[in-house]
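Novice: Numbering (full-length UniProt numbering), first residue to last: 1 to 451.
Glycine is no exception: its CB is placed at the ideal position from the N, C-alpha and C atoms.
The model shown is predicted, which means the values in this text are computed figures rather than measured ones.
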């Protein structure tokens, strides 16, 4: 049985406390007055060479009255435009802590969901190499229920307690003046959004509950009935998952920009969550082995997990490039604006994530021998995880904060908060059952896995 060490427990609690303090600071400093934002913009304009200053001189005419009237209307229009711009920036600044919290919450939730899908695939396919890692996967998936509820709660709170900080389609005033969102209001409305979210979470959590129950029961069973039940529900869950994961990605991510859509988006998010989840399986397995647990896991198991990290990094890149290339090449204004925004305002994180999620894993994990070296897999895995955090960051931030992005206290604190919560929940779950599935039919094959 695994014992949750006091040092790791204390570390997770410290992360949660630091995260809460930083998140609180982020919210307190995000509410700027109109005058403060106006001063901020003036300073930025000054440092940028005064590009925000627009002088307009009316051309002389024979009718002095018409000229004065025209000049007055122009000045009034400029004042209105300036006011709208300041209020827009004020709203973007207020959105930042909400967005940072949401990105981190979704990132850690999707790790658990990706692992749950990987776990179900291993059972449904009756894989013989992976059963020695099942309890690690079950531990990681324990975070799914609280993590998903937190994501949904943040989404709803941003539209009820906040000022529609994440999803503009939750704002009745915006919808009233936007025919495109009005056309989607049958799907994008708060009650239906919450109902769908609860259905997703209930389905995922029920599968996790029963698969875990059957897994533990199989340890002491005299027959294979629990294994057969687990096999059946895993096959059914995968059908449910592929539909709900796509719909979840539309609801919880793509709808932050309701004017844009991509038919590849559900697969794209799936690839990101899958490779992130597999990477965390590798990291936790290596950590447990370093603490003299999982003695039945050998370098061949690590090699296969690293192969999945490598393979799905390529799969993610295939989907990223397919989505990008088709939209860029077709050059349809309603579609291409998504990538124009990211190239103009997010060039470093947008291109940087491609390096971290594709170039780096390809170079590091192409060699078969490197996949068997724990510290090498850990180094590569940390880069992959950061790259996919940036991927989620790029999906959310342009629609909510525009060019007001920065990785500072709100973002780092949110990561610390949910990393601490993730560690606490996962490693607590690992203490609840033996780390080896003793009664699983393919246990012996998995223990003897060598090549």
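Helix, strand or coil for residue 182 per DSSP?
Specialist: For the purposes of this step, residue 182 is taken as residue 182 along the chain shown, with counting starting at 1. It is helical.
Novice: Per DSSP, what kind of secondary structure is residue 32 in: helix, strand or coil?
Specialist: Position 32 of the chain shown, counted from the start, is the residue given in the question as residue 32. Of the three classes helix, strand and coil, the one that applies to residue 32 here is coil, per DSSP.
Novice: Return the chain-ordered list of same chain residues with a C-beta closer than 8 Å to the C-beta of residue 432, the five sequence neighbours on each side being excluded.
Specialist: Here the question's residue 432 lines up with position 432 in the chain shown. Taken in chain order, the list of residues that qualify is empty.
Novice: I'd like the list of long-range same chain contacts for residue 49, defined as Cβ closer than 6 Å, with 5 residues on each side in sequence excluded.
Specialist: Numbered from 1 along the chain shown, position 49 holds the residue referred to as residue 49. The predicted model places residue 49 with a pLDDT of 46, which falls under 50 and marks its position as unreliable; any figure quoted below should be read in that light. Contacts found: none.
Novice: Select from 273, 441, 190 the residue whose C-alpha is nearest the C-alpha of residue 220.
Specialist: Translated into the one-based positions of the chain shown, residue 220 becomes position 220. Out of 273, 441, 190, 441 has the C-alpha closest to the C-alpha of residue 220.
Novice: Measure the Cβ-Cβ separation of residue 152 and residue 414 and say whether it is below 8 Å.
Specialist: Residue 152 sits at position 152 when you count from the first residue of the chain shown. Residue 414 sits at position 414 when you count from the first residue of the chain shown. It is not a contact, given that the beta carbons lie outside the stated cut-off.
Novice: Provide the residue span of the alpha helix (DSSP H) that contains residue 280, from first to last.
Specialist: The residue labelled residue 280 in the question sits at position 280 within the chain shown. From DSSP, the alpha helix (DSSP H) with residue 280 extends over 265-290.
Novice: On a CA-only basis, which of 393, 316, 123, 41 is nearest residue 437? Give me that one, please.
Specialist: By one-based count along the chain shown, residue 437 stands at place 437. Selected option, being the one with the closest Cα: 123.
Novice: Sort 229, 114, 165 by Cα distance to residue 266 and report the nearest one.
Specialist: Taking the first residue of the chain shown as position 1, residue 266 is located at position 266. When only C-alpha atoms are compared, the closest one is 114.
Novice: Taking the CB atoms as reference points, tell me whether residue 9 and residue 424 lie closer together than 8 Å.
Specialist: Taking the first residue of the chain shown as position 1, residue 9 is located at position 9. Taking the first residue of the chain shown as position 1, residue 424 is located at position 424. The answer is yes: Cβ separation under 8 Å.
Novice: When burial is assigned at 16 or more other CB atoms within 10 Å of the CB, is residue 375 buried or exposed?
Specialist: Here residue 375 refers to the residue found at position 375 when the chain shown is read from its first residue. Residue 375 comes out exposed.
Novice: Is the stretch 161-174 touching the stretch 207-221 in the sense that three or more CB pairs, one from each, lie closer than 8 Å?
Specialist: no
Novice: Could you check if residue 452 is buried or exposed, using at least 16 other CB atoms within 10 Å of its CB as the buried criterion?
Specialist: Past the edges of the chain, shown from 1 to 451, lies residue 452, and the structure says nothing about it.
Novice: Three-state secondary structure (DSSP) at residue 107?
Specialist: Locating residue 107 in the chain shown gives position 107, counting from the first residue. It is helical.
Novice: Does DSSP put residue 435 in a helix, in a strand, or in coil?
Specialist: The sequence position of residue 435 within the chain shown is 435, counting from 1. Correct three-state label for residue 435: coil.
Novice: Return the first residue and the last residue of the alpha helix (DSSP H) that residue 159 is part of.
Specialist: As a working note, residue 159 is residue 159 in the chain shown. Per DSSP, residue 159 belongs to the alpha helix (DSSP H) from 144-160.
Novice: Going straight from the alpha carbon of residue 201 to that of residue 238, what length do you get?
Specialist: Taking the first residue of the chain shown as 1, we reach residue 201 at position 201. Taking the first residue of the chain shown as 1, we reach residue 238 at position 238. For residue 201 and residue 238, the distance between alpha carbons rounds to 14 Å.
Novice: My understanding is that residue 384 touches residue 367, with C-beta atoms under 8 Å, so please give their C-beta distance in whole angstroms.
Specialist: Locating residue 384 in the chain shown gives position 384, counting from the first residue. Locating residue 367 in the chain shown gives position 367, counting from the first residue. Not quite, the Cβ-Cβ distance comes to about 16 Å (not below 8 Å), so this is no contact.
Novice: Roughly how many whole angstroms lie between the Cα atoms of residue 61 and residue 341?
Specialist: Residue mapping note: residue 61 aligns to position 61 of the chain shown, counting from 1. Residue mapping note: residue 341 aligns to position 341 of the chain shown, counting from 1. Confidence at residue 61 is low in this model, with a pLDDT of 45, below 50, so its placement is unreliable and no value can be given for it.
Novice: Pick out whichever of 109, 406, 131 has its Cα sitting closest to the Cα of residue 26.
Specialist: Translated into positions along the chain shown, residue 26 becomes position 26. Closest option to residue 26, Cα to Cα, is 406.
Novice: State yes or no: is the C-beta of residue 282 within less than 8 Å of the C-beta of residue 381?
Specialist: Here residue 282 refers to the residue found at position 282 of the chain shown. Here residue 381 refers to the residue found at position 381 of the chain shown. Yes, Cβ-Cβ distance for residue 282 and residue 381 is below 8 Å.
Novice: Could you give the first and the last residue of the continuous alpha helix (DSSP H) run that contains residue 171?
Specialist: Taking the chain shown and counting its residues from 1, one reaches residue 171 at position 171. For residue 171, no alpha helix (DSSP H) run applies, since DSSP gives it neither H nor E.
Novice: In the structure shown, what three-state DSSP assignment does residue 401 receive?
Specialist: Looking up residue 401 in the chain shown gives position 401. Here residue 401 carries a coil assignment [DSSP, helix/strand/coil].
Novice: Thinking C-beta only, is residue 399 closer than 8 Å to residue 257?
Specialist: As a first step, residue 257 must be located in the chain shown, where it is residue number 257. As a first step, residue 399 must be located in the chain shown, where it is residue number 399. Yes, the pair counts as a contact, with Cβ atoms nearer than the cut-off.
Novice: What residues in its chain sit with their C-beta under 8 Å from that of residue 327, if we drop five residues either side in the sequence?
Specialist: To locate residue 327, count along the chain shown from 1; it is residue 327. Same-chain partners within the cutoff: 262, 335, 336, 338, 339.
Novice: Rounding to the nearest angstrom, what Cα-Cα distance links residue 136 and residue 411 in this structure?
Specialist: Stepping through the chain shown from its first residue, residue 136 is reached at position 136. Stepping through the chain shown from its first residue, residue 411 is reached at position 411. In a straight line, the C-alpha of residue 136 is about 28 Å away from that of residue 411.
Novice: Less than 7 Å between C-beta atoms, sequence neighbours within five positions excluded: which residues of the same chain meet that for residue 279?
Specialist: The count along the chain shown starts at 1 and reaches residue 279 at position 279. Within the same chain, residue 279 has close Cβ partners 309, 381, 384, 385.
Novice: Here's a check: name, in chain order, each residue in its chain whose Cβ is nearer than 8 Å to the Cβ of residue 293, leaving out the five neighbours to either side.
Specialist: Here residue 293 corresponds to residue number 293 of the chain shown, with the count starting at 1. Here the set comprises 2, 435.
Novice: Excluding the 5 residues preceding and the 5 following residue 284 in the sequence, name in chain order all residues of the same chain whose CB lies nearer than 6 Å to its CB.
Specialist: Looking up residue 284 in the chain shown gives position 284. So the qualifying residues of the chain are 136.
Novice: Under a three-way DSSP split, which group does residue 301 fall into?
Specialist: Indexing the chain shown from 1 puts residue 301 at position 301. DSSP places residue 301 in helix when its eight states are reduced to three.
Novice: Would you say residue 408 touches the ligand FMN, meaning its beta carbon is less than 7 Å from a heavy atom?
Specialist: Because no ligand of any kind appears in the structure shown, any question about the ligand FMN cannot be addressed here.
Novice: To test your reading of the DSSP string, which unbroken alpha helix (DSSP H) runs of 4 or more residues are found completely within the stretch 222-254?
Specialist: 225-252
Novice: Let me check understanding here. Comparing Cα to Cα, which of 419, 448, 427 lies closest to residue 16?
Specialist: As a working mapping, residue 16 is identified with position 16 in the chain shown. Comparing Cα positions, the closest option is 419.
Novice: Is it the case that the Cβ atoms of residue 118 and residue 277 are separated by a distance below 8 Å?
Specialist: For the purposes of this step, residue 118 is taken as residue 118 along the chain shown, with counting starting at 1. For the purposes of this step, residue 277 is taken as residue 277 along the chain shown, with counting starting at 1. Taking a C-beta distance under 8 Å as the contact criterion, residue 118 and residue 277 qualify as a contact pair.
Novice: Please state the DSSP three-state secondary structure of residue 332.
Specialist: As a position in the chain shown, residue 332 is number 332, starting the count at 1. Here residue 332 sits in coil by DSSP.
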